[in-house]
Structure formats: structure tokens, C-alpha cells
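Enquirer: Just passing along the structure, written as C-alpha cells.
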Amino acid sequence: MQDTWKFTAFLLLLGGCAGPRSGVSGPTPLPETSDDALRAGYAELVRDLREAWLNRDTVPGPVVSYTPQTRSEGGLVLTVGPALPEDEPWNAWPDGTARLFNDGVGYLWRVQIASDKPVRWSPPHTQLAVNDTEQTFLPVAEPDDLLMPLRRGAALETTAGVAPDLSLRMRNADPFRRAYLGTNTASGAREGVVVFPAPTRNLQAVAMELTLGVWVEGEGIRQYRFLFE
Numbered sequence: 007m008q009d010t011w012k013f014t015a016f017l018l019l020l021g022g023c024a025g026p027r028s029g030v031s032g033p034t035p036l037p038e039t040s041d042d043a044l045r046a047g048y049a050e051l052v053r054d055l056r057e058a059w060l061n062r063d064t065v066p067g068p069v070v071s072y073t074p075q076t077r078s079e080g081g082l083v084l085t086v087g088p089a090l091p092e093d094e095p096w097n098a099w100p101d102g103t104a105r106l107f108n109d110g111v112g113y114l115w116r117v118q119i120a121s122d123k124p125v126r127w128s129p130p131h132t133q134l135a136v137n138d139t140e141q142t143f144l145p146v147a148e149p150d151d152l153l154m155p156l157r158r159g160a161a162l163e164t165t166a167g168v169a170p171d172l173s174l175r176m177r178n179a180d181p182f183r184r185a186y187l188g189t190n191t192a193s194g195a196r197e198g199v200v201v202f203p204a205p206t207r208n209l210q211a212v213a214m215e216l217t218l219g220v221w222v223e224g225e226g227i228r229q230y231r232f233l234f235e
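Each residue of the sequence shown is one higher than the one before, counting from 7 in our numbering.
Below, the structure is given as C-alpha cells:
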């Protein structure tokens with residue numbers, strides 16, 4: 007994504023201006039950057055981040071049924087359904103933006119698993135097909151993998167010495183972490199959300215097929231498909 011490239015470039019700039027270098031064989035230092043230039047660069051990055059990640063109502067939602075579907079087989083019961091990140095309570099922020107990410111980041115699903123045997127969600131065996139079976143996206147296994155641009159922005163915010171915003175969002179990311187499905191092995195019932203990063207700004211989803219992979223003790227991997235139109 008464009009903002010990720012900008013974050014990387016800015017991080018390299020910060021590294022080049024961290025202070026004097028010892029020795030004569032290393033790379034030529036980058037020019038010194040003033041505090042004003044640092045803050046101006048950070049302000050530009052934040053504008054891009056807010057547009058791409060935080061502003062609401064910038065992406066149309068999928069035009070599919072949001073009614074959950076359930077599959078039951080051999081003591082295993084799975085219930086899944088699409089949802090919108092901007093509607094989640096853990097994603098609210100006082101200024102009206104999304105706390106962590108908006109609908110433009112990808113597709114969010116709610117998943118419920120109930121089993122009388124130890125089971126776990128298997129991210130490598132899970133995927134989402136959008137509009138056709140050739141256009142598929144993989145899920146994020148760990149919630150913090152999705153938050154990397156926000157984490158980088160928070161680090162730059164501290165370096166630039168500006169009023170905290172992104173860092174406050176990261177400090178309040180635990181409800182999202184707790185809401186994520188996770189890959190722990192257990193019997194009984196559990197539920198959580200799963201995110202599939204995707205270029206949703208360039209897609210109008212009119213059909214989605216979720217393939218959910220679960221590992222079941224004594225049986226190995228099972229995969230179940232759910233079609234939403």
C-alpha cells in the first residue's frame with residue numbers, strides 16, 4: 007500500500023539522521039532534518055494514514071447477505087458471517103474515526119466454533135474468495151500483524167514529539183486483540199473475528215466464499231465452505 011511505502015521511506019530517513027557515524031567506510035550520512043521538517047513529514051504521513059486506515063464511510067460494504075450460516079458435523083458446529091470493521095465496538099474512537107482500521111483494510115468475519123473435542127482454527131487452511139474462486143485472500147493469523155502501519159505511525163509520532171494520537175490508539179488495541187479468534191486448542195465453545203486483508207477500495211464484493219480450516223484432535227484438518235451472495 008502507498009502509506010506503507012511512505013512509512014518505510016520515513017523510517018529510513020529517521021535512521022539516516024539519528025546522529026554522527028564513526029569510521030570512514032560506511033555510507034554517506036543523509037542531510038540533517040530539522041524538527042519542523044520532521045513534524046511536517048509526520049503530518050503528511052498521518053493524513054495518508056487517516057484516509058487509508060481510519061476515516062469512515064470511504065468504502066462501500068459487500069453486497070451480500072450478512073445472515074450467519076451454520077455447519078454441524080460429528081460434534082463440531084461452525085457458525086460464520088461477514089461483518090464490517092467500522093461497526094465493531096472495539097473499533098470506535100472519540101473523534102468519530104475508526105480506532106484501528108476502517109472497511110478499506112479488508113474483510114472482517116465473525117466465527118463461532120463449538121466442539122466436544124479439542125479443536126483449533128487453522129489460518130493456513132482458511133481463505134476468502136471474493137466474486138470468483140480465482141480471487142482469494144488469506145487471513146491474518148495474529149491481530150498485531152494487521153496493526154503494523156499503525157504501530158509504525160505511533161513510533162514516528164513519538165520521534166516527532168507531537169501530541170499523542172496513534173500511540174493512544176495502539177494503547178487501546180487490546181479489545182481488538184481479545185476479539186480475534188486465535189489459534190489456541192480447546193474444546194467447548196468460542197467465538198472471534200478474523201480479518202482478510204484485501205484491496206476493498208478496488209472491489210465491489212457481490213459474492214464471497216469463506217473456506218474455514220479447523221484442526222480436530224484425532225482427525226486432523228477439516229475444511230468447510232460457506233457461500234454468501
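Quick reminder that beta carbons are idealized off the backbone N, C-alpha and C, glycines included.
My guess is that proline 149 and tryptophan 115 are in contact by the Cβ rule of under 8 Å, so how many angstroms apart are they, rounded?
Expert: Along the sequence shown, read from residue 1 onward, the residue named residue 149 stands at position 143. Along the sequence shown, read from residue 1 onward, the residue named residue 115 stands at position 109. Approximately 14 Å separates the beta-carbon atoms of proline 149 and tryptophan 115; this is outside 8 Å, ruling out the contact.
Enquirer: Hey, alanine 166 and leucine 44: beta-carbon distance below 7 Å or not?
Expert: Numbered from 1 along the sequence shown, position 160 holds the residue referred to as residue 166. Numbered from 1 along the sequence shown, position 38 holds the residue referred to as residue 44. Contact: yes.
Enquirer: So for valine 222, helix, strand or coil by DSSP?
Expert: As a first step, residue 222 is located in the sequence shown; it is residue number 216 there, counting from the start. Of the three classes helix, strand and coil, the one that applies to valine 222 here is strand, per DSSP.
Enquirer: Checking the sheet assignment: what are the DSSP bridge partners for tyrosine 186?
Expert: Looking up residue 186 in the sequence shown gives position 180. Its beta-bridge partners are Val199.
Enquirer: I need the straight-line Cα distance from threonine 217 to glutamate 140, nearest angstrom please.
Expert: One-based indexing of the sequence shown puts residue 217 at position 211. One-based indexing of the sequence shown puts residue 140 at position 134. Straight-line spacing of the CA atoms in threonine 217 and glutamate 140 works out to 13 Å.
Enquirer: Report, in whole angstroms, the separation of the C-beta atoms of alanine 195 and proline 124, which I expect to be a contact under 8 Å.
Expert: In the sequence shown, residue 195 corresponds to position 189, counting from 1. In the sequence shown, residue 124 corresponds to position 118, counting from 1. Between proline 124 and alanine 195 the Cβ distance is about 13 Å, and since that is not below 8 Å, they are no contact.
Enquirer: Measure the beta-carbon distance from glutamate 215 to phenylalanine 232 and round it to whole angstroms, keeping in mind my assumption that it falls under 8 Å.
Expert: Along the sequence shown, one-based indexing puts residue 215 at 209. Along the sequence shown, one-based indexing puts residue 232 at 226. Correct: roughly 7 Å between the Cβ atoms.
Enquirer: Threonine 85 and glutamine 118 - do their beta-carbons sit closer together than 7 Å?
Expert: Mapped onto the sequence shown, residue 118 falls at position 112. Mapped onto the sequence shown, residue 85 falls at position 79. Yes. Within cutoff.
Enquirer: Below 7 Å CB to CB, which residues in the same chain sit around alanine 104 once its five sequence neighbours on both sides are set aside?
Expert: In the sequence shown, counting from the first residue as 1, residue 104 sits at position 98. Leu60, Arg62, Pro91, Glu92, Asn97, listed in sequence order.
Enquirer: Where valine 212 and tryptophan 99 are concerned, what is the direct C-alpha to C-alpha distance, given to the nearest angstrom?
Expert: Taking the sequence shown and counting its residues from 1, the one referred to as residue 212 is at position 206. Taking the sequence shown and counting its residues from 1, the one referred to as residue 99 is at position 93. So the two alpha carbons sit approximately 29 Å from each other.
Enquirer: In its own chain, which residues sit with a C-beta less than 6 Å from the C-beta of valine 83, not counting the 5 before and 5 after it?
Expert: Numbered from its first residue, the sequence shown carries residue 83 at position 77. For valine 83, where only same-chain residues beyond five positions count, the Cβ hits under 6 Å are Ala120.
Enquirer: Answer with yes or no whether the minimum CB distance from glutamine 118 to chain D is below 7 Å.
Expert: The structure shown contains no chain D; it holds only a single protein chain.
Enquirer: What is the DSSP secondary structure of glutamate 140, counted as helix, strand or coil?
Expert: Mapped onto the sequence shown, residue 140 falls at position 134. It is coil, neither helix nor strand.
Enquirer: According to DSSP, is threonine 85 part of a helix, a strand, or is it coil?
Expert: Walking along the sequence shown from the start, residue 85 turns up at place 79. Of the three classes helix, strand and coil, the one that applies to threonine 85 here is strand, per DSSP.
Enquirer: Would you give the residue range spanned by the alpha helix (DSSP H) that aspartate 42 belongs to?
Expert: As a first step, residue 42 is located in the sequence shown; it is residue number 36 there, counting from the start. Unbroken alpha helix (DSSP H) run through aspartate 42: 41-55.
Enquirer: If you draw a straight line from the C-alpha of asparagine 190 to the C-alpha of alanine 46, how long is it?
Expert: Stepping through the sequence shown from its first residue, residue 190 is reached at position 184. Stepping through the sequence shown from its first residue, residue 46 is reached at position 40. One C-alpha to the other measures close to 44 Å.
Enquirer: Identify whether glycine 159 lies in helix, strand or coil by the three-state DSSP scheme.
Expert: Residue mapping note: residue 159 aligns to position 153 of the sequence shown, counting from 1. Looking at glycine 159 - three-state DSSP - the assignment turns out to be helix.
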